[in-house]
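Asker: The structure is given below, and queries will be raised subsequently.
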Amino acid sequence: MKKLSYIFMLLLFVGLKTQAQKSLNPKVQLLVRNYQDSVVLRWAPTNAAQWLIASQKGYRVQKTVISKGSSQGVSTLLTPNKILPLTFEEVKLRYSKQDSYVGAAVQSLYNPKVSTTFQQSVGGIIQKSNEQNSRYASAMLSADYSPNAATVLGLRWVDKAAKNPDDIIMYKVWIDTDAKSSTKADTATVVLFANQFTKVYAPITAGILQGDSQVTLRWYRMSVDGEFSGYLIERSEDGKNFKSITSNPYIQTPADENILKQDSLTYKGIANPSSLITYIDSNLVNYRKYYYRIVGIDPFGVSSPVSDIMVGSPKDFTPPTKPKNVKIKVVDNKEVIITWEKTGNTNDLKGYVIAKGGTVAGPFNFVKKEVLSNQSLSFTDASPEPYTGRYYVVGAVDTVGNVNYAMPVVANIEDRMPPKAPNTLTASATPQGKVVIDWSASSEPDVAIYKVYRAYRKDAKNYTLLTPYGVPNSDYTDSIPDKTLLNRQLFYKVVAVDLSNNHSEYSPVVMAKLPDTNPPTAPVFEQIVVEKNGIKLLIIPSSSEDVSFHTLYKKSSKGSWEVLKQYNGLLTTSINYIDTDVKNNQRYEYKVEAEDYSKLKSKSEFSQSILYVGENGIASVEGLKVNYEPNQKLVTLDWTCRSNNVSHFVIYRAENKAALSTWQTVEANRFSEKLDKTPNTLDYAVKVYFKDGTSYKMSNTVSVQAK
């Protein structure tokens, strides 16, 4: 818990410090390397003016160690005497004159050629600024490449004090300005864990591009542990013995990313071109294999391990000299003879290729895939193509496939062959009275337009030309002028016309049936009867001749419409259907509609709401009995009906075997009448009517003898 506590306190402290520095735009940057025996600090001011001030004032270095026993940290000033650049005399005593980086550092500090006077003019200000920036750039570069140069410039410190592996160490570097000045903006802080040692990683390669007598090396600017200050490039011809080909570290500043993206070859496959460094190694021998590896130099002057090896071979991309004096001769409009002459150096000449195209700008297609020999100076094309192949080019080819073409020449060939007739025609009509005709585009490249013809009979002698100027595409929309033609047929054929106005034969005829816009007539419910075993439907079908099918639907009072049955084809007799899937005291509704072959539907015919009555499907008049009292001349009828939805009963009566006719209406299931006269025979029957207006079939007939 103590370790976590002091780590947390340190991170909080550093975070606050870092936030403060960001807000104040710090002018000193600090890097650290943690080795087994020491910690090396490298810092640098971020601009020339600050560097010049710091070179006069010097730097201070403070170290704070946070350990388990001291979570608040113990701070030590490592530089009681501030760090200043070495004097010229100190440099001469410590370092060799042959150390070029130390020499560059001294030159940037004590260059006697630098002007010591200041001219109060725009030119003087610019000159002074340029001098300072140049000295600053030279000093910073020297410090990056050489620890000795960094020491000379006062930009390096080595802490060799022993480290406890569990310690967290914070270093702070600042410019030693006077007490009245604020030092916060000139202070840099860095934190390290004592047990995490620095490891330098190799540069990451990005492949090699092969050119003519040269190769382009590519690697990424950033490594695993940051950006390098420079690079050494090594080359080998056997993959084992490498030699440096850069006497000084190679530097490449990032160019504008939009400019880099325009180089599609060098940066092919690289998402961010500015992240890449490239180097061109030239004056190489083509087709010889070369091996390369990269060494990075970090800001501490430490060389990285070598990168992965990149292998490449330059290639010959220089084409041979193109042919000259190319001429064309057309023989009887059947063949073309091309001649040419050799020119220039022909040491690596393999031969010649011939290609032709429809325009002077191409595209060109090879007349013969094989390369003609290097001794050939003519070629005969036995299949000339007017318009589409009248321009010819002759190219010289070297032994590695580089081609150099001469300027195109034209052959004037007369086109006497008509194109083939169009095929695979289709025609489809719309309800708005338009017909779209479509056909396969001609594969012959000289076909320019198509002409479309129409007739009202397939065998018509003369079809009407609809497109006197032709159409360029392989489709045409015909607008029917007479709307009364709807439900009739139209016939079309097409002719192809080439650039020489040669007309093809007529295409096969295609027929378009104009759309049906009239829906079929509606079917009608003729009768709906509740029977003992279900509901009987009698339907008169649609009278339209183009009916495809009838559909009968059903819906209960608590349900939705569902298909009851479908009748396909044209119906010539009534639909007779009994719905047996019914329940007692349940209401049902039916509808029927017709649909024709054009998917047009008739108006839906709806039934009344039907109440199915009866128990277990029985809702009839049952047990009808008749009784006659001669003395009173009284006839009595009794019956039963198992429904609670009865509206009334109708009594039917006949005398002496005549036809039954309506006699009387009663609400109860009993009837009686007193006879005024006594016919020989009386017949009775009863029919029930329900509250929804529907009825059930008539009961059985009963007879009585009246005497």
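With mature numbering (1 follows the signal peptide of the UniProt record, and there is no 0) applied, the sequence shown corresponds to residues -20 to -1, 1 to 687, in that order.
From the three backbone atoms N, C-alpha and C, an ideal C-beta is built for every residue, glycine too.
None of these values were measured; they are calculated from a predicted model.
Please state if the CB of Ala376 and the CB of residue 706 are separated by a distance shorter than 9 Å.
Answerer: A query on residue 706 cannot be resolved here, the shown segment of the chain reaching from -20 to 687 and no further.
Asker: What runs of the beta strand (DSSP E), each 3 residues or longer, lie entirely inside the segment 122 to 166?
Answerer: Counting only runs of 3 or more, we get 136 to 139 and 148 to 155.
Asker: Can you look up Ala(-1) in the DSSP assignment and give me helix, strand or coil?
Answerer: Summary for Ala(-1): the model assigns pLDDT 33, below 50, so the residue's position carries little reliability; its value from the coordinates is reported in the next sentence. Residue state, collapsed to three classes: helix.
Asker: Excluding sequence positions up to five away, which residues of its chain have a Cβ less than 7 Å from the Cβ of Glu485?
Answerer: Here the set comprises Ala401.
Asker: Tell me the rounded alpha-carbon separation between residue 688 and Leu212.
Answerer: The chain is shown only over -20 to 687; residue 688 falls outside these bounds and no answer can be derived.
Asker: When the Cα of residue 716 is compared with those of Lys493, Ala409, Val12 and Trp31, which residue comes out closest?
Answerer: This structure cannot speak to residue 716, because the chain is shown only from -20 to 687.
Asker: If we call anything under 9 Å between Cβ atoms a contact, is Trp31 one with Leu10?
Answerer: The answer is no: Cβ separation not under 9 Å.
Asker: Which residues in the same chain as Arg115 place their Cβ atom closer than 6 Å to its Cβ, once the five residues preceding and following it in sequence are excluded?
Answerer: Ser88.
Asker: Which residue from Tyr267, Gly331 and Ile393 puts its Cα closest to that of Lys314?
Answerer: Considering only alpha carbons, the answer is Ile393.
Asker: Which residues bound the alpha helix (DSSP H) around Glu653?
Answerer: Element bounds for Glu653: not the alpha helix (DSSP H) but the beta strand (DSSP E), Arg650 to Lys654.
Asker: How close, in whole Å, do the beta carbons of Ala409 and Ala492 come, if the pair is a contact with beta carbons under 8 Å?
Answerer: Rounded, the Cβ-Cβ distance is 5 Å, consistent with contact.
Asker: Drop a sphere of 10 angstroms on the beta-carbon of Gln99, count the other beta-carbons inside from all chains shown, and report buried for 16 or more, exposed for fewer.
Answerer: Its pLDDT being 48, under 50, Gln99 is placed unreliably by the model, and the measurement read from it follows with that caveat. Burial call: exposed.
Asker: Determine the DSSP secondary structure at Gly338, reduced to helix, strand or coil.
Answerer: It is coil, neither helix nor strand.
Asker: Looking at the secondary structure, which residues open and close the alpha helix (DSSP H) in which Ser35 lies?
Answerer: Note, Ser35: alpha helix (DSSP H), Ala28 to Lys37.
Asker: The beta strand (DSSP E) that contains Gln685, what's its start and end?
Answerer: Unbroken beta strand (DSSP E) run through Gln685: Val682 to Gln685.
Asker: Are there any heavy atoms of the ligand MN lying less than 8 Å away from the beta-carbon of Val180, as far as the coordinates show?
Answerer: The ligand MN is absent from the structure shown, which contains no ligands of any kind.
Asker: Under 8 Å by Cβ, that's how I've got Asp559 and Gly514 pegged, so tell me the actual separation to the nearest angstrom.
Answerer: The Cβ separation is near 5 Å, so the contact holds.
Asker: Tell me which residues share the same chain as Asp395 and place their Cβ nearer than 8 Å to its Cβ, disregarding the 5 neighbours each side in the sequence.
Answerer: The answer, listed in chain order, is Pro366, Tyr367, Asp426, Asp478, Leu479, Ser480 and Asn482.
Asker: Within the chosen definition, does the segment 194 to 202 reach the segment 252 to 266 through at least 3 CB pairs nearer than 8 Å?
Answerer: Yes: at least three Cβ pairs fall under 8 Å.
Asker: Is the beta carbon of Thr661 less than 9 Å from the beta carbon of Ser683?
Answerer: Yes, Cβ-Cβ distance for Thr661 and Ser683 is below 9 Å.
Asker: So, for Phe359: in the same chain, excluding its five sequence neighbours on each side, which residues have a beta-carbon less than 6 Å away from its beta-carbon?
Answerer: Excluding residues within five positions, the ones whose Cβ falls inside 6 Å are Ile318 and Ile334.
Asker: Can you check which of these residues, Lys677, Gly673 and Ala686, is closest to Glu635 by C-alpha distance?
Answerer: Nearest option by C-alpha distance: Ala686.
Asker: Scan the segment 465 to 490 and note each continuous alpha helix (DSSP H) run of 4 residues or more that stays entirely inside, going in chain order.
Answerer: Runs of the alpha helix (DSSP H) inside the segment 465 to 490: none found.
Asker: Let me confirm a value: Gly539 is counted as buried when at least 16 other C-beta atoms fall within 10 Å, else exposed. Which label applies?
Answerer: By the neighbour-count rule (16 or more Cβ atoms within 10 Å), Gly539 is not buried but exposed.
Asker: Looking only at its own chain, which residues have a Cβ that is under 8 Å from the Cβ of Gln16, when we skip the five neighbours before and after it?
Answerer: Excluding residues within five positions, the ones whose Cβ falls inside 8 Å are Phe177.
Asker: Going by the CB atoms, is the gap between Tyr547 and Leu517 shorter than 9 Å?
Answerer: Not closer than 9 Å, so no.
Asker: Just grab the DSSP bridge partners of Gln507 for me.
Answerer: Leu518.
Asker: Can you name the residues that DSSP bridges to Pro25?
Answerer: Paired residues: Val8.
Asker: Let's test the definition: count the other Cβ atoms within 10 Å of the Cβ of Arg370 and tell me whether it reaches 16, buried, or not, exposed.
Answerer: Under this definition Arg370 is a buried residue.
Asker: My guess is that Ile231 and Gly210 are in contact by the Cβ rule of under 8 Å, so how many angstroms apart are they, rounded?
Answerer: The pair is a contact, with the Cβ atoms about 5 Å apart (cut-off 8 Å).
Asker: Mind checking who Ile213 pairs with in its DSSP beta bridge?
Answerer: Partner(s): Ile274.
Asker: Near Ser287, what residues of its chain come up, given a Cβ to Cβ distance below 6 Å and the 5 sequence neighbours on each side ignored?
Answerer: Closer than 6 Å at Cβ, skipping near neighbours: Ala182, Pro183, Thr185, Arg273 and Ile274.
Asker: Could you say which of Thr301, Pro364 and Asp418 lies nearest to Asn354 if we only look at CA atoms?
Answerer: When each option's Cα is compared against that of Asn354, the closest is Thr301.
Asker: For Thr131, count neighbouring C-beta atoms within 10 Å of its own C-beta (all shown protein chains included) and say buried if the count is 16 or more, exposed if not.
Answerer: Buried, by the Cβ-count rule.
Asker: Measure the CB-CB distance between Thr642 and Leu591 and report whether it falls below 9 Å.
Answerer: Cβ distance not < 9 Å, so Thr642 and Leu591 don't count as in contact.
Asker: Taking the alpha-carbon positions, what's the Asp218 to Lys269 distance?
Answerer: Cα-Cα distance, rounded: 8 Å.
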